[in-house]
Each structure stands twice: as structure tokens, then as C-alpha cells.
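In my numbering, the protein residues as written are -14 to 162.
What follows is the structure, given as C-alpha cells:
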């Protein structure tokens, strides 16, 4: 009986999707801890601790946006070192995972606000409770990942020089010779 160890089946790198989606949990908790209207550890200003103040709503969304951009850039750093045949699949799955992770972060932050935050009367406006007003913020994680992967790959290419991808196919011969 022959072993077919040289003919491995190429599988999709689902760990990139799972890691990004699971990364949304700590991002969501950090959002609630740092953002105005949540625990507000950044400013500690009592006027910004309550969601009834409309001044809180934009910084709350921007805090999540900043955390999502950081998570996207961090994922890009790990993706840039990824080479081989599965690099494109890992990139695409990390983009999808980043979108899922952003949604998980949003829902985790909202859940943390409901569990540990002060009760909010949302009769006047739903944004009084710890929430996200601009859902387009959720696109920042995959956008930051894609932009950072492009920038890092471009910098690596410029550092290596223009002939980095033009290695000879056989020892001592150039392509087309």
C-alpha cells in the first residue's frame, strides 16, 4: 500500500477567519471599557459617562472605529509573513473574519453595556443606551487589513528591489533562454 504523503489536499486556512471572528470579543469588551457612555476609562469625565448626553455618541463610535483599525492593522502584520499557496485564501478569509469580528465586537460591547452599564431609558432616543450609531464603522477592520497588507507588501517589494520575483527557473538559466 502506497502512502500519498506528497499529495496533500489543499485546505482553506479557516483559522484566519476564526481568529479574526474570535478577536471581536476582546475588542468589544475594550470598546465598552474605554468609550464614553461605557465605563469611560479614557476620559473619566462624569459628563461623558452617561449616554443621555448627545456629545457622547460620536466619540463612542470613534472609539470602536479606532479599535477596529488597530485590529485590522495587527491582522495585516501577521498576514504579511504568510507565504505559499494559501496566502490568497488566508487573506480573503481574514477579510471575511474581520467583518465577522467587527460585528462580534459591536454585539459584545452592546451586551457589556446591558450587563454592566447603568440602565438607560431609550424612549427618547435609542442611542442613549450603549450602542453604535454608525454601522459603517464595522467596515473599518477589513478595510484596515486590506490597506495595511497592500502597504506592507509594497514596502517589502521596494526593499527587496525590482528583480526580487525574477529568480531563474533552473539552476544557471534564465527564463526564456
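Using N, Cα and C, we set each Cβ at its ideal position, and we do this for glycine too.
For the alpha helix (DSSP H) holding residue 51, just list the boundary residues, first then last. 42 to 65
When you compare each of 144, 135 and 109 to residue 58 by their alpha carbons, which one comes out closest? 135
When DSSP labels each residue in this structure, what does residue 27 get in the three-state scheme? coil
Relative to the C-alpha of residue 99, which residue among 17, 82 and -2 is closest? 17
Under 7 Å, do residue 25 and residue 34 count as touching if we go by C-beta distance? yes
Which residue wins for smallest C-alpha separation from residue 142, given the options 43, 66, 38 and 1? 66
Grab me the residues of residue 84's own chain with a C-beta within less than 8 Å of its C-beta, minus the 5 sequence neighbours each way, in chain order. 123, 124, 126 and 127
Below 8 Å on the Cβ atoms is my contact criterion, and I expect residue 23 with residue 115 to pass it. Report the Cβ-Cβ distance as a whole number of Å. 6 Å
At a Cβ threshold of 7 Å, is residue 48 touching chain C? In the structure shown, chain C does not exist; there is a single protein chain.
Any idea if residue 45 is buried or exposed, counting beta-carbon neighbours within 10 angstroms, 16 or more meaning buried? buried
Beta-carbon within less than 8 Å of residue -9's beta-carbon, same chain only, minus the 5 sequence neighbours each way: which residues are those? Low local confidence applies: a pLDDT of 49 at residue -9 is under 50, so the model's placement there is unreliable, with the coordinate-based value given in what follows. Excluding positions up to five away in sequence, the list is empty.
Considering only their Cβ atoms, is the gap separating residue 61 from residue 1 smaller than 7 Å? no
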